[in-house]
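Numbering (my numbering), first residue to last: 685 to 1199.
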């Protein structure tokens, strides 16, 4: 989930076309358009760090702080989302998430003169990054929950993968703009597009499942007719009606419970919560956000001739893979996809580690290579007075340079077909509507924490040890995740109809009654 942020113009065009394709499957997918674009918007910030840290001088520590500060904002927003999703609704939470996003991008754009005058990221600049992260933290659980609740079970796998598709589209566009555009211009464009998304979200209807849960049956029936053509759009609506009476989410709780939303999850669902938490941790331990936050740095490590072009190719292929995965995810068991995904990532990361160990000189360090890496037209590289650039020293250019890029693209292939879209989707499938908001918010909060840790330590650790060893560590984590899925994770999908979310919800509801 969780590295930089980007903007939604091309995501809007793409999302319209993709949603039109889904319209042929079911009219109920129409309201999915704006939330999916909202995902593209927040992920623009992930790709933004890769471009910005190459255009403005950052020390190794300040680079880590700037990139990882997004995750701190995301954590705070994610914790707040638990209360807002329960008491204010899915649509309102989505709407509120747009406000700090717009302000954060505008703030960073207005700080551009200060950055160039002082030649280092000021606290004001990092504050803008925190704001965009806060918007992302609100957006992720609300968008994912909203889309899952308004989608019919027959295409729930496709709909559940749309957030990841929107995310990688934003990353791809961010990397593309970084090849030609200054970072402050990107921030201005993102400000404009985020404002457009604010208007689009305003036009969305509320989730009928949440409305029933809140006791607003007349509104829920009206929206159900609008979305599905009938009052009841899902086989588990009877459960939803019962949950609206006994629902724990709509009760008032103390601030402590919302800081730790896991405490609001019923004890009968604690095993599912542990599984969801494990999935979120393993997703970050793949190293995907370290690669995406510092994509151009990773390309430099791999001896790429043009890091911006290399980063864009990674983002482009990830987008293609994720779109393809959206059509596969409903026809293959979740566990099978996760294990296949982890296996591919293990191979790719190990191969990339071997490749860069053959390419890098023994004295290679990241500091002074990423910031002064390759001069690019239109970039204003700011170097403090008295700083002596340390240029990277690589072996002669050979096929190894292209091979390193291939392994990263293969890694993205594996990630896109499993550990990218599935952790959030499975986490929601493990819980009934009554506790889904709190459970998913708790799991995503853990995701943000580990995203911060990985992002903060990636380049610092790479400086302390050989960067190749860092990728070996990621590979080992992927191997462990494959074993965990095989031994402990239950299957949440059915090969014949795509999802057993309603069945899981029913069983969980019955267990609460018996308790």
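Glycine residues also receive a C-beta, built at the ideal position from the N, C-alpha and C atoms.
Between which two residues does the alpha helix (DSSP H) carrying residue i extend?
| i | result |
| --- | --- |
| residue 967 | 954 to 969 |
| residue 1150 | From DSSP, residue 1150 is part of no alpha helix (DSSP H); its letter is neither H nor E. |
| residue 788 | 774 to 794 |
| residue 973 | 972 to 977 |
| residue 839 | That residue, residue 839, is in no alpha helix (DSSP H); it is neither H nor E in DSSP. |
| residue 950 | Neither: residue 950 is in no alpha helix (DSSP H) and is coded neither H nor E. |
| residue 892 | 892 to 897 |
| residue 875 | 867 to 886 |
DSSP on residue i, reduced to helix/strand/coil?
| i | result |
| --- | --- |
| residue 1015 | coil |
| residue 1171 | helix |
| residue 1105 | coil |
| residue 913 | coil |
| residue 710 | Model confidence at residue 710 stands at a pLDDT of 29, short of 50, so the residue's coordinates are unreliable; what they give is reported in the following sentence. Here residue 710 sits in coil by DSSP. |
| residue 1114 | coil |
| residue 987 | coil |
| residue 829 | helix |
| residue 847 | helix |
| residue 889 | coil |
| residue 834 | coil |
| residue 767 | helix |
| residue 1001 | helix |
| residue 900 | coil |
| residue 860 | helix |
| residue 1176 | coil |
| residue 931 | Unreliable positioning characterises residue 931 in this predicted model, as indicated by a pLDDT of 47, which lies under 50. A coordinate reading is not provided. |
| residue 1135 | helix |
Could you pull out every residue in the same chain whose Cβ sits closer than 7 Å to the Cβ of residue i, ignoring the five residues on either side in sequence?
| i | result |
| --- | --- |
| residue 787 | 815 |
| residue 1019 | 1169, 1173 and 1175 |
| residue 1133 | 759 |
| residue 1114 | 956, 959, 960, 1176 and 1188 |
| residue 772 | none |
| residue 982 | 975 and 1092 |
| residue 755 | 686, 817, 1132, 1135, 1136 and 1139 |
Buried or exposed: where does residue i fall if 16 or more other Cβ atoms within 10 Å of its Cβ makes it buried?
| i | result |
| --- | --- |
| residue 895 | buried |
| residue 958 | exposed |
| residue 1143 | buried |
| residue 761 | buried |
| residue 971 | buried |
| residue 767 | buried |
| residue 1023 | buried |
| residue 864 | exposed |
| residue 955 | exposed |
| residue 1015 | exposed |
| residue 886 | exposed |
| residue 897 | buried |
| residue 1117 | buried |
| residue 899 | exposed |
| residue 812 | buried |
| residue 1097 | buried |
| residue 867 | buried |
| residue 808 | exposed |
| residue 1011 | exposed |
| residue 1147 | exposed |
| residue 913 | exposed |
| residue 870 | buried |
| residue 1040 | buried |
| residue 720 | At residue 720, the pLDDT of 45 sits below 50, so the modelled position is not reliable; the number obtained from the coordinates is stated separately. Its Cβ being crowded by 16 or more others within 10 Å, residue 720 is buried. |
| residue 881 | buried |
So, for residue i: in the same chain, excluding its five sequence neighbours on each side, which residues have a beta-carbon less than 6 Å away from its beta-carbon?
| i | result |
| --- | --- |
| residue 1037 | 1152, 1155 and 1156 |
| residue 1026 | 1162, 1165 and 1166 |
| residue 825 | 765, 1124, 1125 and 1128 |
| residue 1159 | 1030, 1033 and 1034 |
| residue 775 | 888 and 890 |
| residue 859 | 731, 995, 996 and 999 |
| residue 1003 | 852, 853 and 856 |
| residue 1028 | 1098 |
| residue 779 | 885 |
In chain order, what residues of the same chain lie with their CB nearer than 8 Å to the CB of residue i, ignoring the 5 residues before and after it?
| i | result |
| --- | --- |
| residue 748 | 1139, 1140, 1141, 1142, 1143 and 1144 |
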